[in-house]
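Under UniProt numbering, residues 1 to 359 are what the sequence shown spells out, in order.
Backbone N, C-alpha and C define an ideal beta-carbon position, used for all residues, glycine too.
Being a predicted model, the structure only gives us computed values, none of them experimental.
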Amino acid sequence: VSSDWFSPDFLKQVSPAQVEQNITLLKEQFGDLKNTEVTEGKGFLQFEKARVPVLIGFDGASRINILWFGAPWLENTSLEDLTGKLKNAATGDISVFVTINGKSVIDDKSQRAMAVGSAFKLVVLKAYEDALASGELRREQVVTFEASDRSLPSGTLQVVSTGTPLTLEMLAQLMVKISDNTATDTLIRILGKERLEALSPGNVPFLKTRELFQLIAPGAEATRTRYRAAGPQERRQILSDLKEQPLPRTDQTGRIATWQNVEWYLTAREICGLLRSVKEAPALDSSSEPLFEGMNWKRIGYKGGSEYGVINLSAIGITPRGDEICVVVTANGDASQPVDRIAPLFADLLRVAGTKNKK
Numbered sequence: 001v002s003s004d005w006f007s008p009d010f011l012k013q014v015s016p017a018q019v020e021q022n023i024t025l026l027k028e029q030f031g032d033l034k035n036t037e038v039t040e041g042k043g044f045l046q047f048e049k050a051r052v053p054v055l056i057g058f059d060g061a062s063r064i065n066i067l068w069f070g071a072p073w074l075e076n077t078s079l080e081d082l083t084g085k086l087k088n089a090a091t092g093d094i095s096v097f098v099t100i101n102g103k104s105v106i107d108d109k110s111q112r113a114m115a116v117g118s119a120f121k122l123v124v125l126k127a128y129e130d131a132l133a134s135g136e137l138r139r140e141q142v143v144t145f146e147a148s149d150r151s152l153p154s155g156t157l158q159v160v161s162t163g164t165p166l167t168l169e170m171l172a173q174l175m176v177k178i179s180d181n182t183a184t185d186t187l188i189r190i191l192g193k194e195r196l197e198a199l200s201p202g203n204v205p206f207l208k209t210r211e212l213f214q215l216i217a218p219g220a221e222a223t224r225t226r227y228r229a230a231g232p233q234e235r236r237q238i239l240s241d242l243k244e245q246p247l248p249r250t251d252q253t254g255r256i257a258t259w260q261n262v263e264w265y266l267t268a269r270e271i272c273g274l275l276r277s278v279k280e281a282p283a284l285d286s287s288s289e290p291l292f293e294g295m296n297w298k299r300i301g302y303k304g305g306s307e308y309g310v311i312n313l314s315a316i317g318i319t320p321r322g323d324e325i326c327v328v329v330t331a332n333g334d335a336s337q338p339v340d341r342i343a344p345l346f347a348d349l350l351r352v353a354g355t356k357n358k359k
């Protein structure tokens, strides 16, 4: 790999050695490169054991200024093989659930409630879409941002000023597309916790992201332990007491596993049900998500979640021939989850399930 192949702008971000290292890793994992299928800058690298989506672009001097490798598509693999690979990759406990047209084809702990991180936002999206359908709310309806809505990243809305007008659909889009925590908390305020608790009785009281960050902050160990042992009423009082407390700094959270004491808990079956109920929601359209590059399905809706020790990846899609596929993968452990290994396997589960047919 020569530096002469790349534009100056590309080389400012990625060195030839890094490109060569990535290609070497692909060869080590998937065998020799057998063929390249690229049309108008988009296509696949065909290795012995996998097809790797690739995007490539050139500047006016025919030097590479865009180069992107997608998640590999494993060749000659089964849903069972992929489930086994996921179990080997994950830290701690894992649940894997795959349905085709509503019928289960892989069911590994689908009824076990597990910590799912930001995938809980599907409950909020469901409540929002229900309120729209009933005529109670409108997508273009404007609400005012309040100081109590402010949370920590992920997202960007935490930087806006108190009193800023925001549309409900903007909040929903930010909540799902970039997992904006502040947008989520604003929607929770508008919708009301009672409505969310009715949809998710395993999460009572229904936490705001701001409250979670306060409970997992340094110095909150005793409160967190008390929260875990408490019943619903005592938990509500604990959350009420947090209202006067500041948020921790962003760099003070996410260093240890705290999901055992405080989190959002859902089963894989619950998540598939939520995805099915909101699959037409504008905010959920994730067809351009890099994980699904090259699949060319009619529609894919995706939401995931993660924190230290927790990963959830959930998707529902409609294949070119019209089959509905739902895949949910959740892992909970005491150490960081290997997202770079789990995410491609999750995408392969979705893709391979789409080649089956179970009417």
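Span of the alpha helix (DSSP H), counted from its first residue to its last, around residue i
{"i": "residue 337", "result": "Segment: none, residue 337 is in no alpha helix (DSSP H) and carries neither H nor E."}
{"i": "residue 191", "result": "181-191"}
{"i": "residue 256", "result": "Unbroken run through residue 256: none, as it is neither H nor E."}
{"i": "residue 355", "result": "Taken as a continuous stretch (DSSP letters only), residue 355 belongs to no alpha helix (DSSP H), as it is neither H nor E."}
{"i": "residue 213", "result": "209-215"}
{"i": "residue 267", "result": "Run containing residue 267: none; DSSP gives neither H nor E here."}
{"i": "residue 221", "result": "221-229"}
Whole-angstrom distance between residue j and residue i, CA atom to CA atom
{"i": "residue 345", "j": "residue 82", "result": "6 angstroms"}
{"i": "residue 158", "j": "residue 289", "result": "24 angstroms"}
{"i": "residue 244", "j": "residue 97", "result": "41 angstroms"}
{"i": "residue 92", "j": "residue 113", "result": "14 angstroms"}
{"i": "residue 171", "j": "residue 184", "result": "7 angstroms"}
{"i": "residue 20", "j": "residue 228", "result": "49 angstroms"}
{"i": "residue 298", "j": "residue 316", "result": "11 angstroms"}
{"i": "residue 26", "j": "residue 280", "result": "36 angstroms"}
{"i": "residue 88", "j": "residue 2", "result": "37 angstroms"}
{"i": "residue 193", "j": "residue 226", "result": "21 angstroms"}
{"i": "residue 239", "j": "residue 296", "result": "45 angstroms"}
{"i": "residue 294", "j": "residue 277", "result": "26 angstroms"}
{"i": "residue 7", "j": "residue 64", "result": "6 angstroms"}
{"i": "residue 126", "j": "residue 267", "result": "16 angstroms"}
Residue i, DSSP secondary structure in three states
{"i": "residue 292", "result": "helix"}
{"i": "residue 136", "result": "coil"}
{"i": "residue 51", "result": "strand"}
{"i": "residue 131", "result": "helix"}
{"i": "residue 16", "result": "helix"}
{"i": "residue 280", "result": "coil"}
{"i": "residue 165", "result": "strand"}
{"i": "residue 152", "result": "coil"}
{"i": "residue 342", "result": "helix"}
{"i": "residue 198", "result": "helix"}
{"i": "residue 237", "result": "helix"}
{"i": "residue 99", "result": "strand"}
{"i": "residue 274", "result": "helix"}
{"i": "residue 2", "result": "coil"}
{"i": "residue 348", "result": "helix"}
{"i": "residue 314", "result": "strand"}
{"i": "residue 117", "result": "helix"}
{"i": "residue 331", "result": "strand"}
N-terminal and C-terminal residue of the beta strand (DSSP E) that residue i is part of
{"i": "residue 12", "result": "Run containing residue 12: none in the beta strand (DSSP E); it sits in the alpha helix (DSSP H), 8-13."}
{"i": "residue 321", "result": "Premise fails: residue 321 is in no beta strand (DSSP E) and is neither H nor E."}
{"i": "residue 302", "result": "299-307"}
{"i": "residue 37", "result": "33-39"}
{"i": "residue 85", "result": "Note, residue 85: premise wrong, no beta strand (DSSP E); alpha helix (DSSP H) at 79-89."}
{"i": "residue 144", "result": "142-144"}
{"i": "residue 65", "result": "64-69"}
Environment of residue i [buried if 16+ CB atoms lie within 10 Å]
{"i": "residue 53", "result": "buried"}
{"i": "residue 258", "result": "buried"}
{"i": "residue 121", "result": "buried"}
{"i": "residue 173", "result": "buried"}
{"i": "residue 348", "result": "buried"}
{"i": "residue 222", "result": "exposed"}
C-beta neighbour in chain C for residue i, strict 8 angstroms
{"i": "residue 150", "result": "As a matter of chain content, chain C is missing from the structure shown, which is built from one protein chain."}
Discussion item. Does the structure place the region 300-310 close enough to the region 328-338 that three or more beta carbon pairs sit under 8 angstroms?
Written reply: yes
Item to complete: Examine the Cβ distances between the region 114-131 and the region 169-188 and report whether three or more of them are shorter than 8 angstroms.
Response: Counting Cβ pairs under 8 angstroms, three or more are found: they touch.
Worksheet item: Do the region 57-77 and the region 283-302 touch if we need at least three Cβ pairs shorter than 8 angstroms?
Response: Judged by Cβ distances under 8 angstroms, the region 57-77 makes contact with the region 283-302, as three or more pairs qualify.
Worksheet item: At a cut of 8 angstroms, does the region 201-215 reach the region 246-257 through at least three beta carbon pairs?
Response: yes
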